[in-house]
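Report on the structure given below.
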Amino acid sequence: MKSRCKMYRVDAFATKPFTGNPAAVCLLQAGMPQKLQTVGLQQIAAELKQPATCFVSLLTEGDSFQASSRFGLRWFSPSSQELPLCGHGTLATAAALVQGEGNQQDTLHFETLGGQLSVQSMSSETSSLPTIQITLPKSDSSMQLPNGLKLSNESLKMVMGSLAIKEILYSSKVRNALVVLADGTTRKQLESLQPDMDRMVSELDTEQLNGVMVTCQGEATDVFPYCRLVLSCTWGSSKQQ
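Here you go:
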């Protein structure tokens, strides 16, 4: 008898369908992680072609998606690369468990490649759906890029165009680069960027780089103190936040 896996498609960072950042969430029943193994998970992620495919699993006998508070969690890009950390995928997984499976735990804990992540579910004052909040670990960052990774101002012009760069930081743990634009760069300028994603993916070393995040200081009317554009090297997509 073939095993079946329940799947959700969730839009994170969204208040209405077809917005935000999508992810597929697959609930792996007991025994399925061992049966599928990594290659099976990679094949599913490649077939689904979502920015992130999340595989959540039960940790001990007697656990359930409806009542447990601790789970295993792995994320894969559509190019079959396992991701060391995925914030929107973790939020999507928690939403699937809380809203889809009826899990009523106040806090959900996930054992991941990037360490333990915790997600809180709380009632919302403006919606009938709960608010889901994630606590992410502080990532290391350095001005020193790894050997062989070419990420100079010149190579980033394919993404930034003529916008001036203040500094470039790199996190070896999540294999992401953070490009901080020069003071005075506006949100409008950031949002007007039209990066050549195909060229970026082909020229940058995706073995050492999952993505590039571009940020500038927020404006007085913004809800958050900064604006961010996320460019995924493993998928070839961009997302403004």
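Residue 71 in the numbering used here is what sits at position 61 of the sequence shown, and the numbering runs on without skipping anything. Using N, Cα and C, we set each Cβ at its ideal position, and we do this for glycine too.
Since residue i contacts residue j with CB under 8 Å, what's their CB separation in whole angstroms?
i, j, result
"Ala62", "Leu93", "7 Å"
"Leu83", "Cys64", "6 Å"
"Ser79", "Gln115", "4 Å"
"Cys237", "Leu200", "5 Å"
With DSSP collapsed to three states, give me the class of residue i.
i, result
"Lys45", "helix"
"Lys288", "Look at the range of the chain in this structure, 11 to 251, and you will see that residue 288 is not part of it."
"Gly221", "strand"
"Glu92", "strand"
"Ala174", "coil"
"Ala22", "strand"
"Leu101", "helix"
"Ala106", "helix"
"Val129", "strand"
"Gly82", "strand"
"Gln212", "It is worth fixing the name first, because residue 212 is Ser in this sequence and not Gln. It is helical."
"Leu58", "helix"
"Leu188", "strand"
Could you check which residue in the options has the C-alpha nearest to that of residue i?
i, options, result
"Lys176", "Ser137, Arg209, Val224, Gly50", "Val224"
"Ser182", "Leu95, Arg209, Val190, Leu127", "Leu95"
"Lys59", "Glu111, His98, Gly72, Ser90", "Ser90"
"Ala10", "Gly124, Lys148, Asn113, Asn220", "It is not possible to answer for residue 10, since the shown part of the chain is limited to 11 through 251."
"Pro43", "Gln227, Met132, Thr70", "Thr70"
"Gln109", "Val20, Cys226, Ser202", "Val20"
"Thr117", "Val184, Trp85, Phe81", "Phe81"
"Tyr180", "Val222, His119, Thr25", "Val222"
"Phe333", "Gly72, His119, Asn113, Val49", "This structure cannot speak to residue 333, because the chain is shown only from 11 to 251."
"Gly194", "Arg185, Asn31, Gly228, Met170", "Gly228"
"Lys148", "Ser202, Gly124, Val189, Leu139", "Gly124"
"Ile178", "Val190, Val169, Val184", "Val190"
"Gly99", "Tyr18, Asn113, Lys198", "Tyr18"
Taking the alpha-carbon positions, what's the residue i to residue j distance?
i, j, result
"Pro205", "Pro88", "20 Å"
"Arg14", "Thr196", "48 Å"
"Thr145", "Leu173", "32 Å"
"Val129", "Thr141", "10 Å"
"Leu127", "Gly97", "9 Å"
"Glu111", "Ser74", "10 Å"
"Lys299", "Asp208", "With the chain represented from 11 up to 251, any question about residue 299 goes unanswered, as that position is not in the structure."
"Glu121", "Ser133", "25 Å"
"Leu107", "Ala192", "41 Å"
"Met11", "Ala77", "Low per-residue confidence applies at Met11: pLDDT is 49, beneath 50, and the placement is therefore not dependable, though the value from the model is reported in the following sentence. Their backbone Cα atoms lie some 27 Å apart in a straight line."
"Asn31", "Gln143", "15 Å"
"Gly171", "Lys26", "32 Å"
"Phe23", "His119", "20 Å"
"Thr29", "Cys226", "23 Å"
"Val66", "Ser131", "17 Å"
"Val169", "Gln47", "36 Å"
"Val184", "Leu68", "24 Å"
"Met210", "Gly72", "46 Å"
"Leu139", "Ala40", "29 Å"
Take every Cβ of the segment 98 to 110, pair it with every Cβ of the segment 26 to 36, and state whether three or more of those distances are shorter than 8 Å.
-> yes
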